[in-house]
Structure formats: C-alpha cells, structure tokens
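Since the structure comes first, as structure tokens, the remarks are kept for the end.
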Ligand code: NCD
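Residue numbers (the numbering used here): 1 to 313.
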C-alpha cells in the first residue's frame, strides 16, 4: 500500500492502489476461509467492538466472523438496549468506549456522516459499516472482489446498478469504486428513485440500461427510507424494473447478477433468477464479505502498528 489507512470511512478517500491491496489480501483470506481450520492471529490481542445503531443480520455476523477468524476479541454492543436509549449522545458513547481502549470500532448508523463524526473523537480505527445513504465501503469492496473473481478484472466493464439508487449507500460506494477502477457505471431505475448529478449515465428503462452489460447489480427498495409515493405499486415496479430471465437477455450472455441482500423477491428480483447459480453470484457476495472485512481490518491494524498517529486518508 502506498500509504496506510487510519480509518475506513468510505470508498471516496481510497486510491486504486488501496483498493487493489485490500482485494489482493482478501483473495488470500478466501483461501483461509475455505480450509477446515480457519485461524489467523493477525488481530490477536486486539479488541473489536461492533456498534450497530441500525438493524443488520448479515453485515453484523460477517464482521463478527471476520474478527473472530483473525483472533480478535469481538464485542457486539446491543445499541437498542444501550444508554443511547437513555439519551446519551453518540459522541458520549464513543468517548466512554474509547476509554476502554478498543482497537477497532465497526459502526453502522442511520445518519450520513455520523460514523465520520465518531471517528474524529476516538483514538482507535473506525470502520464504516453503512451510514445513512452515504457510504458502505466494505459492501463495495466485497462486490468488487466478487466481480474481479468472476470477470478477471475491474476495468473496462459495464456495470448496470438498478433500482432504488436514491436511498442506497451501496449504490454510492459501488459507483465511486467502479469508476475509480476504470469501469463504466450505468444507473437504471424510475426517475423518482434515480437522482441526477451522480456522474454516471442514467436510464429509465431496463432494456437500454442493461444492453450489453457485464454486471447487473440489483438494489433493494429501501422502504424504511421512503416516505411514500416513490413507486406506483410493487407489482408495477416489478413489471418495469424487476430483474428476471427475460430482462437479462439484454445484458451480455455471460453477465452476472448481484444483489447486496436482503432481497425482496418478486419486487426487485425474480426468486428463481436469484437462485440460479449459473448467473447469480449473490451467495458468493456473502462469502467475499467475510474475506474483505478480514483484509480491511488486518490492513487497518497494520497501518496503526506502523504509525499510531497516521494521517487520515
Ligand atoms: C445493504 C445496506 O444495509 O445498506 N445491506 C447490507 O449491508 N447487506 C443494502 C440494503 O439494506 O438493502
């Protein structure tokens, strides 16, 4: 790596060299994770605290598995029952935790920018596990690893990101990463769900949006971030923007299907297509998630060992 990382707050601050080194190390962790004994001591003696202020199943488990395989002491803070409910501010919570000398805080928060604010107040490394609609860096990295393993490269590809772009941190982080690595990103969805000005070509129909795409990445309708009126009905949405085998005929014959999950089957994606292992890499994305998180945490800790007051990138 050219310079070491202090935190992982988003894809935006990363250079292509950073991204490549995380993915290269993650490839090695994929091998480790496929062995019977999945143990490394890269994080032995380190304390990792997972603070999830928003519901999560797979991301939380993925970070927990990743930390444990690296030998860290992993603590999951139940934020629903924490002092936050008693009115303690995010910063007070962070300062209290900081006094216990954790090495890594993994934070998910419903407000964009909250994780960065927290990172400014603590001495340890902070990893953004998704902040509002802003960024979700480890999701974009695991998607990149999945694409690189399927296509052999990350440059010169056409990637169609489809659906609820407006409310999606996954879309933002993927867009930034894929453009940095030299691929073309298309944003596909109804005008109410695809903001303009994101610096990518926008398509309002699947036929032209998917034409000759190498990768079709579907997004969940983020109903929890909608206050109504974004789509006429789920049935109509599925008809126009839901991915099925028929719509896939517009993409390249060897195009892969991705989804960050959780999926709304029959809303944004056909269940059968999602389960078709000849085209769908959705399960592989979950596998890559653990490896990428191991790599990111390993590199963050290496950077801190080298220069404790390292410059924030
Ligand atoms: C994503 C998220 O939380 O942003 N999910 C995830 O991390 N696996 C996408 C989503 O919730 O739709």
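Where is the CB? At the ideal position from N, CA and C, for every residue including glycine.
Reference residue i, options the options, closest by Cα
i, options, result
"residue 12", "25, 202 and 135", "135"
"residue 288", "279, 145, 222 and 19", "145"
"residue 19", "111, 163, 142 and 245", "142"
"residue 127", "138, 121 and 133", "138"
"residue 79", "226, 93 and 67", "93"
"residue 226", "242, 192 and 105", "192"
"residue 159", "274, 291 and 255", "255"
"residue 267", "292, 244 and 305", "244"
With 16 other Cβ atoms within 10 Å as the buried cut-off, status of residue i
i, result
"residue 233", "exposed"
"residue 298", "buried"
"residue 308", "With a pLDDT of 44 at residue 308, under the threshold of 50, the modelled position of that residue is not reliable, and the figure given next carries that caveat. The residue in question, residue 308, is exposed, as its Cβ has fewer than 16 Cβ neighbours within 10 Å."
"residue 99", "exposed"
"residue 280", "buried"
"residue 131", "buried"
"residue 294", "buried"
"residue 209", "buried"
"residue 296", "buried"
"residue 152", "exposed"
"residue 224", "exposed"
"residue 37", "exposed"
Pairwise C-alpha distance: residue j and residue i
i, j, result
"residue 214", "residue 7", "32 Å"
"residue 315", "residue 269", "Any answer about residue 315 is impossible in this case: the structure gives the chain only from 1 up to 313."
"residue 171", "residue 211", "19 Å"
"residue 21", "residue 166", "30 Å"
"residue 30", "residue 229", "42 Å"
"residue 240", "residue 24", "38 Å"
"residue 27", "residue 176", "21 Å"
"residue 16", "residue 178", "10 Å"
"residue 65", "residue 300", "17 Å"
"residue 88", "residue 73", "25 Å"
"residue 257", "residue 285", "11 Å"
"residue 76", "residue 246", "43 Å"
Near the ligand COA: residue i beta-carbon under 7 Å from a heavy atom
i, result
"residue 208", "Within the structure as shown, the ligand COA is missing, the only ligands being the ligand NCD."
Short Cβ contact (8 Å threshold) for residue i with residue j
i, j, result
"residue 4", "residue 303", "yes"
"residue 33", "residue 58", "no"
"residue 221", "residue 271", "no"
"residue 97", "residue 107", "no"
"residue 109", "residue 63", "no"
"residue 155", "residue 183", "yes"
"residue 259", "residue 282", "yes"
"residue 121", "residue 95", "yes"
Which full runs of the alpha helix (DSSP H) of 4+ residues lie inside the segment 5-51, going along the chain? For the segment 5-51, whole alpha helix (DSSP H) runs of length 4 or above, ordered along the chain, are 16-33.
Unbroken alpha helix (DSSP H) runs of length 4 or more, entirely within the segment 101-177: which are they? DSSP runs (the alpha helix (DSSP H)) wholly in the segment 101-177: 114-119 and 137-151.
Every unbroken alpha helix (DSSP H) within the segment 218-269, with a cutoff of 4 residues, ordered by chain: Look at the segment 218-269 and you find these whole runs of alpha helix (DSSP H), each 4 residues long or longer: 234-241 and 245-248.
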